[in-house]
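Just below is one structure, and these are the notes that go with it.
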Ligand SMILES: C[S@@+](CC[C@H](N)C(=O)[O-])C[C@H]1O[C@@H](n2cnc3c(N)ncnc32)[C@H](O)[C@@H]1O
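Numbering (this note's numbering), first residue to last: 4 to 381.
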């Protein structure tokens, strides 16, 4: 991986690459990148775990929300569920198993499509999901514009997109590049690589060059999230976009006191802030700016239906009933303890429960509010 990085740097103008290009290499290089090489390890024993690693409750409660969405699209007899970035395939298995058992009419309406960047994970997903004949794997190019009626959803996808790193120097916006100097990867701050970075800050109405931001303030900008939303809005004909991820609104994300940004690295369940070690062997994420998703969505014809926290969202969809049912005498003590712990983790406000859930819609009458948004943050 290091050789690939050095080679890319040396063949680039000015012998430097943006941090976003660097992050793209270490996570998504077709042979050596963390997600592409098969080294990615999601689960309780892995580098990190996600909500679906904790059991089937997360997928089952999400399935309830999808079912309700389909009731607002009565004129269509099929419902596309597009999962983007499906990881191990656990979530797809949980959603489809539950729908088949509990809501078989809706199950028959569903066409489940997975869009996945990593060839290694596609193989893993196809293996895990081989018993479900209604799943197809596609790329965005295979899907015509305005062809999707249903819901495009993701869990912890956008925080895995490569981000640009920017900084404030001499009252100007500068970008962090990665270079190879003195046999080391080093960061340098130079002029920004694209005016899209300025457009981004205009979109969210934040100016980090203002006096209240300290000199050398650093943060990240996820331009890819905006490109992604553009594709999503073009492909969606009628329906919803449901995005779950860790993040904040712009005023919190770009708060003057958050002067080191939000970049995190995960290696064998340890969490640290050095992106220049364990190259191609560790995950790297940056929190998501939900204001940017909402504002970009508005420009693209996606209306915000609601923004809430995962804990509130799952409670509104019935997680509380599941906790209460643990004392109905059907479970053994070890089962009760294990499930109670998993359910609590899903709603813990300092952990997964503090994730945000954003639901946007296209061509839907939003007067019909959705069950999961009953406890809305807006
Ligand atoms: C942090 S993992 C989350 C996996 C899963 N959603 C979960 O909750 O366990 C990020 C996933 O997004 C995929 N991914 C990253 N960029 C992508 C892109 N541009 N398009 C599709 N999938 C992508 C990764 O390969 C991986 O499957």
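C-beta atoms are modelled at their ideal positions from N, C-alpha and C, and glycine is treated no differently.
query	result
Whole-Å CB distance - residue 171 paired with residue 219, under 8 Å assumed	7 Å
Assigned secondary structure, residue 368 (DSSP; H/G/I helix, E/B strand, else coil)	coil
Close beta carbons around residue 37, own chain, < 7 Å, minus the five adjacent residues each side	29, 30, 43, 283, 284, 285 and 286
Assigned secondary structure, residue 97 (DSSP; H/G/I helix, E/B strand, else coil)	helix
One or two residues paired with residue 243 in a DSSP bridge	154 and 364
Closest residue to residue 317 among 23, 357, 101 and 102 (Cα-Cα distance)	357
Beta strand (DSSP E) segment containing residue 287, residue limits	286-288
Proximity winner among 45, 109 and 329, relative to residue 382 (alpha-carbon distances)	Because the chain in this structure spans residues 4 to 381, residue 382 falls outside the shown range and cannot be described.
Residue 196 Cβ short of 7 Å to ligand 1 heavy atom set	no
Where the alpha helix (DSSP H) containing residue 294 begins and where it ends	293-302
Residue 408 beta carbon near ligand 1 (any heavy atom closer than 7 Å)	The structure shown does not extend to residue 408, since the chain spans only 4 to 381, so no value can be given for it.
Any non-hydrogen atom of ligand 1 within 7 Å of residue 124 CB	yes
Check: residue 158 C-beta below 7 Å from any heavy atom of ligand 1	yes
Same chain, Cβ closer than 7 Å to residue 73, neighbours up to 5 away in sequence not counted	82, 109 and 112
Sub-8 Å separation of residue 222 and residue 257 beta-carbons	yes
Validate contact between the segment 113-120 and the segment 84-97 using beta carbons, cut 8 Å, 3 pairs	yes
Those residues which DSSP pairs with residue 180 across a bridge	21 and 191
Heavy atom of ligand 1 within 7 Å of residue 151 beta-carbon	no
Check whether residue 76 and residue 152 have beta carbons under 8 Å apart	yes
Assumed close pair residue 343, residue 355 - CB separation to whole angstroms, cut-off 8 Å	With 8 Å as the limit, residue 343 and residue 355 do not qualify as a contact, their Cβ atoms being about 15 Å apart.
Residue of 323, 365, 280 and 275 minimising C-alpha distance to residue 244	365
Cβ-heavy atom distance, residue 55 to ligand 1, below 7 Å	yes
Cβ pair residue 320, residue 361 closer than 8 Å	no
Beta bridge counterpart(s) of residue 166 as assigned by DSSP	Residue 166 is not bridged to any residue.
Cβ neighbours of residue 240 in the same chain (closer than 7 Å, five flanking residues each side left out)	149, 150, 151 and 152
Environment of residue 332 [buried if 16+ CB atoms lie within 10 Å]	exposed
Enclosing alpha helix (DSSP H) for residue 8 [first to last residue]	5-13
Secondary structure, alpha helix (DSSP H): runs of 4+ residues fully inside the segment 195-254	199-207 and 226-238
Cβ neighbour criterion (16 or more within 10 Å) applied to residue 351	exposed
Residue 308 - DSSP class collapsed to helix/strand/coil	strand
Residue 69 versus residue 41: straight-line alpha-carbon distance, rounded	31 Å
DSSP three-state assignment for residue 43, whether helix, strand or coil	coil
Inter-residue spacing [alpha-carbon to alpha-carbon] between residue 368 and residue 304	13 Å
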